[in-house]
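Counting in the numbering used here, the final residue of the sequence shown is number 957, and the numbers go up one at a time with none missing.
What follows is a set of notes on a single structure, which appears directly below.
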Amino acid sequence: MPNFTIQPPTPQHAILSYPAPYVLLVTLNRPKELNCINSQGHTDLHNIWEWMDEEPSLRVGILTGTGRAFCAGADLKEWNNRASNNGRATTPSSGFGGLARRKGKKPVIAAVNGLCFGGGSEMIINSDMVIASSRAVFGLPEVKRGVVAQAGALPRLVRTVGKQRAMEMALTGRNVLPVEAEKWGLVNEVVDIEKDFSLEKGNEILVSRAVVVAGSIAGNSPDAVLVTREGIKLGWEGIGADEATVMLSDNWVKRLYEGENIKEGLKAFVEKRAPVWKDSKL
Numbered sequence: 676m677p678n679f680t681i682q683p684p685t686p687q688h689a690i691l692s693y694p695a696p697y698v699l700l701v702t703l704n705r706p707k708e709l710n711c712i713n714s715q716g717h718t719d720l721h722n723i724w725e726w727m728d729e730e731p732s733l734r735v736g737i738l739t740g741t742g743r744a745f746c747a748g749a750d751l752k753e754w755n756n757r758a759s760n761n762g763r764a765t766t767p768s769s770g771f772g773g774l775a776r777r778k779g780k781k782p783v784i785a786a787v788n789g790l791c792f793g794g795g796s797e798m799i800i801n802s803d804m805v806i807a808s809s810r811a812v813f814g815l816p817e818v819k820r821g822v823v824a825q826a827g828a829l830p831r832l833v834r835t836v837g838k839q840r841a842m843e844m845a846l847t848g849r850n851v852l853p854v855e856a857e858k859w860g861l862v863n864e865v866v867d868i869e870k871d872f873s874l875e876k877g878n879e880i881l882v883s884r885a886v887v888v889a890g891s892i893a894g895n896s897p898d899a900v901l902v903t904r905e906g907i908k909l910g911w912e913g914i915g916a917d918e919a920t921v922m923l924s925d926n927w928v929k930r931l932y933e934g935e936n937i938k939e940g941l942k943a944f945v946e947k948r949a950p951v952w953k954d955s956k957l
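What follows is the structure, encoded as structure tokens:
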């Protein structure tokens, strides 16, 4: 385990591991419940992503699941119990799984190993990148249960896949296979998993690929990654290009130029060597 400045949380239904330098792997671990997330799980995941943002030694997060599901959505048994008592399931300000409405500083990659329904899809729609197993299945089946995908997916989905495809996915509640999701732009990459591979082997192959992608991000200037992500996020939230550019410059770029990493990156280029980055202080 790395030497952390801030001690990690201890989630009840997720496993934290560190498969590469600067990379946090979060594995949802309720396989019998298809990794459905209950109230405690939402709080745990919110705390994990907040910790990752503040821990200097971490630069990228990966979220995946144990077994045959990435996340099949909300814990409907808990939801039903609450509804029977006229209550509602609660989530933190960052939304379902701490991701669906997360702003955050550092990127999160969803490594979708299997079933990704409801809240699971809400999380990946707001993730920074999505690497999917060929065994993955996506869907927003809320309309089939008399509920609504209310955690932020609907307005974000339309920005990714367009109005007609978003309507198709959300109004029919049908399953979307990974090749189709990749074609739509919902998935960055599909990792082919042989049919005779076990669940464990398939998940291992998928996570290994996600770790490679995370490593390619973690190997860049941590300051530049944070500021670049912020610039893209401003556009994602619907701010005009000129306004977003001014906001990025006023709030982030000045701080980037005052840091050590930009100087190191330029000096390393001139000296024809690999840069040695410092943990971000932004």
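Ideal placement from N, C-alpha and C gives every residue a C-beta, glycine not left out.
Item: Proximal residues to G860 (C-beta, below 7 Å), its chain only, five neighbours per side dropped; Value: T835 and V836
Item: Residues bridged to V805 (per DSSP); Value: A785
Item: Through-space distance from I880 to G742, alpha-carbon basis; Value: 13 Å
Item: Segment limits, alpha helix (DSSP H) that includes Y697; Value: Element bounds for Y697: n/a, residue is neither H nor E.
Item: Any non-hydrogen atom of the ligand NAD within 7 Å of E946 CB; Value: For the structure depicted, the ligand NAD is absent and the ligand set is empty, with no information on it obtainable.
Item: Within 8 Å, strictly: CB atoms of S808 and V787; Value: yes
Item: Between the CA atoms of G848 and L815 - distance to the nearest angstrom; Value: 5 Å
Item: G794 and A856 closer than 8 Å at C-beta; Value: no
Item: Where T718 falls: helix, strand or coil (DSSP); Value: helix
Item: Residue range of the unbroken beta strand (DSSP E) whose run includes I737; Value: V735 to G740
Item: Own chain residues within Cβ distance below 7 Å of V851, not counting five before or after; Value: F813, G814 and M844
Item: Coil, strand or helix - V866 by DSSP; Value: strand
Item: DSSP three-state assignment for F944, whether helix, strand or coil; Value: helix
Item: Given 8 Å, three or more beta-carbon pairs between the stretch 771-780 and the stretch 726-746; Value: yes
Item: Whether D728 touches Q687 by CB criterion (8 Å); Value: no
Item: Element boundaries [alpha helix (DSSP H), containing G959]; Value: The structure shown does not extend to residue 959, since the chain spans only 676 to 957, so no value can be given for it.
Item: In DSSP terms, what I690 is bridged to; Value: T702
Item: For I712, three-class secondary structure by DSSP; Value: strand
Item: Separation of N801 from P853, as counted between CA atoms; Value: 17 Å
Item: Span of the beta strand (DSSP E), counted from its first residue to its last, around L790; Value: L790 to F792
Item: Three-state secondary structure assigned by DSSP to A744; Value: strand
Item: Coil, strand or helix - F679 by DSSP; Value: coil
Item: Contact under 8 Å by Cβ, V900 with V928; Value: no
Item: Under 8 Å between C-beta atoms of A744 and L790; Value: yes
Item: As assigned by DSSP and simplified to three states, the class of W823; Value: Sequence inspection shows Val at residue 823; the Trp mentioned does not correspond to that position. Coil at V823, not helix or strand.
Item: V812, enclosing beta strand (DSSP E) - first and last residue; Value: V812 to G814
Item: Burial state of M676 (16 or more Cβ within 10 Å); Value: exposed
Item: Enclosing alpha helix (DSSP H) for L829 [first to last residue]; Value: A828 to V836
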